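Residue numbers for the sequence shown follow the numbering used here, so the first one is 24 and each next one is one higher. What follows is one structure encoded as structure tokens, with my remarks underneath.
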Amino acid sequence: MNAVILDGSSVHDPMGPRVRSALQSELEASGWEVRHVLLRDQKIGNCAGDFLCWVRNPGQCNVQDDNLMIAAAIANSDLLVYLTPVVFGGYSSQLKRMVDHQIQNISPFFASVEGETHHQKRYDRYPDFLAIGWMDRLDDLEMGVFHHLVQRNRLNFYPKTAVSDIVPTTLDDAGLRSAAQRWVKAIQTGASSPDVSLPVILPSISLVEAPKRAVLLVGSPRTQKSVSNALGGFVMEELATGGVETQVVQLYTTLRSGERWQAVLDALDAADLVVLAFPLYVDTLPAPVIEALERIATHRQQGTANHRPRFTAIINNGFPEVTHSENALSVCGLFAKAAGMDWVGGFILGGGGMLDGSPLRQAGGPAVPVRMALEKRAAILVKGEAFSTTQVSLLEKPVIPAWLYRTYGDIGWRVAARRYKVHKHLRRKPYLEKTP
24 MNAVILDGSS VHDPMGPRVR SALQSELEAS GWEVRHVLLR DQKIGNCAGD
74 FLCWVRNPGQ CNVQDDNLMI AAAIANSDLL VYLTPVVFGG YSSQLKRMVD
124 HQIQNISPFF ASVEGETHHQ KRYDRYPDFL AIGWMDRLDD LEMGVFHHLV
174 QRNRLNFYPK TAVSDIVPTT LDDAGLRSAA QRWVKAIQTG ASSPDVSLPV
224 ILPSISLVEA PKRAVLLVGS PRTQKSVSNA LGGFVMEELA TGGVETQVVQ
274 LYTTLRSGER WQAVLDALDA ADLVVLAFPL YVDTLPAPVI EALERIATHR
324 QQGTANHRPR FTAIINNGFP EVTHSENALS VCGLFAKAAG MDWVGGFILG
374 GGGMLDGSPL RQAGGPAVPV RMALEKRAAI LVKGEAFSTT QVSLLEKPVI
424 PAWLYRTYGD IGWRVAARRY KVHKHLRRKP YLEKTP
């Protein structure tokens, strides 16, 4: 039996080595061969969201870096372990960067799983799954979101057994050893963690006041050509019509520039409203977006900000069911709390792949009901109000029925793969054929 540990701890986090050591010792004592991957020491680029790992080189990421070696190790393992500090109820950006690349290990073709649209298996078997997080202070809301995220991953990555747990950073070595024994026993006996309900992060606005300045953060690698930019950009246009000064920031082109990133932080400190628009990546936010939120929260916790802007999120979900994105929405609400912002709620567009990223104001077809729905949401933001807790789905009805989405989606993958002359190899299992 072999296990792969993906360690998403940071260099200044003493808890990561302690959890890893306790778990690895217990696994090895139980006869496991353990491969520990300290992700911060690996060369792993961000997932480009181009789906070339499905339609150009089926089963392998187009980015030639350490993610290929790790994906191969996962495909040939019996147990996959995530180790991470709990960040806004989810994973650290260090861990999430590799999680995003795991889509290469599943098929582009669709299936109905527990009543939802998911992707089919690429491989015949998948490793069991253990996710361990740690927190300075245990918080019921964050813990609930974390456990819910793990069970969402379970639906997509097909483990027979999935176990999640969270430990406080104050736990002593004896307590960690005891916890590690419990985790390994649960995996060996097939005792998956019970399903949990996703905690609702309620809007926390304290004063209704019309915003004067708004900043849009676009969290898509496709930047100005993305659906996220089209959705968020339309809201900004509506806000500007209502007399709000607006600014648009592309996170993917800003994070690595110290000067530009400082300008973003200054803009957020001066804003009355912050809008985050992003595509769903493996059940939650893309790694670079999590990294941006980590930095923003740290900046604001240092006491440099002197007021509380409102915060909302727009999630572009490629699946027709909005349930896929509800966990990500809760993560956004927890970020707002950590960053000293007022969470006003957010909304999800299901079946966002039906849009092509063109500006919504001139687009027709499926963009028309989306545009009308966004006008109503923008009107609420212009007044300085919060959304009701029922306003999660942007549309009352999905853009396309789930069964039709799956049918046309499968055809679309074959058409896309034909351009690269690999349409006969879409179910390829490269990591069983060779290891990079």
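All C-beta atoms, glycine included, are put in the ideal place defined by N, C-alpha and C. As the structure is a computational prediction, the values presented were derived from the model and not from experiment.
For the putative contact between residue i and residue j, defined by C-beta atoms under 8 Å, what is the C-beta separation to the nearest angstrom?
i: H142; j: N179; result: 7 Å
i: Y454; j: A94; result: 6 Å
i: Y114; j: G242; result: In fact, because the Cβ distance is near 15 Å, the residues do not count as touching under 8 Å.
i: G112; j: F169; result: 5 Å
i: D218; j: P182; result: Actually they are not in contact, since the Cβ atoms of D218 and P182 sit about 14 Å apart, beyond 8 Å.
i: I28; j: V104; result: 4 Å
i: L62; j: L118; result: 6 Å
i: N90; j: I67; result: 5 Å
i: D351; j: T412; result: According to the sequence displayed, residue 351 carries Ala and not Asp. Not quite, the Cβ-Cβ distance comes to about 16 Å (not below 8 Å), so this is no contact.
i: R441; j: T140; result: Contact doesn't hold; Cβ gap of about 23 Å is too wide.
i: L50; j: V57; result: 5 Å
i: M158; j: T192; result: 7 Å
i: S116; j: E282; result: Actually they are not in contact, since the Cβ atoms of S116 and E282 sit about 21 Å apart, beyond 8 Å.
i: R451; j: P81; result: 4 Å
Between residue i and residue j, is the Cβ-Cβ spacing less than 8 Å?
i: G373; j: S416; result: yes
i: I224; j: V367; result: no
i: C76; j: Q65; result: no
i: V258; j: V231; result: no
i: G369; j: T335; result: yes
i: L418; j: A396; result: yes
i: V207; j: S353; result: no
i: A300; j: V405; result: no
i: V250; j: L378; result: yes
i: D365; j: R318; result: no
i: S216; j: A185; result: yes
i: A253; j: P108; result: no
i: V173; j: A154; result: yes
i: F410; j: P226; result: yes
i: C70; j: P343; result: no
i: A96; j: W55; result: no
i: G432; j: F74; result: no
i: L278; j: P311; result: yes
Could you give the first and the last residue of the continuous beta strand (DSSP E) run that contains residue i?
i: T212; result: No beta strand (DSSP E) contains T212, which is instead part of the alpha helix (DSSP H) from 196–212.
i: G161; result: Before going on, a small fix: residue 161 reads as Leu here, not Gly. Neither: L161 is in no beta strand (DSSP E) and is coded neither H nor E.
i: K144; result: 139–144
i: L221; result: No beta strand (DSSP E) holds L221; DSSP gives it neither H nor E.
i: F133; result: 129–136
i: N25; result: 25–30
i: L103; result: 102–108
i: R236; result: 236–241
i: V186; result: 185–191
i: E56; result: 56–61
Check for me: the alpha helix (DSSP H) holding residue i runs from which residue to which?
i: W77; result: 75–78
i: S116; result: 116–123
i: A96; result: 89–98
i: D433; result: 425–442
i: S251; result: 250–264
i: L50; result: 38–52
Any chance the CB of residue i is under 7 Å from a heavy atom of the ligand NAD?
i: V422; result: Annotation note on the ligand NAD: not contained in the displayed structure, which lists no ligands.
Give the list of continuous alpha helix (DSSP H) stretches no shorter than 4 residues that lie fully inside the stretch 272–315. 281–293
Would the stretch 284–300 count as touching the stretch 313–322 if we require 3 or more Cβ pairs under 8 Å? yes
Any chance the stretch 41–53 sits against the stretch 189–200, with 3 or more Cβ pairs inside 8 Å? yes
As an exercise, report each continuous beta strand (DSSP E) stretch of at least 3 residues that is fully enclosed by the stretch 332–410, in chain order. 333–340, 370–373
Three or more beta-carbon pairs under 8 Å between the stretch 266–283 and the stretch 327–344, yes or no? no
Could you tell me whether the stretch 123–131 touches the stretch 158–166, using the rule of 3 or more Cβ pairs below 8 Å? no
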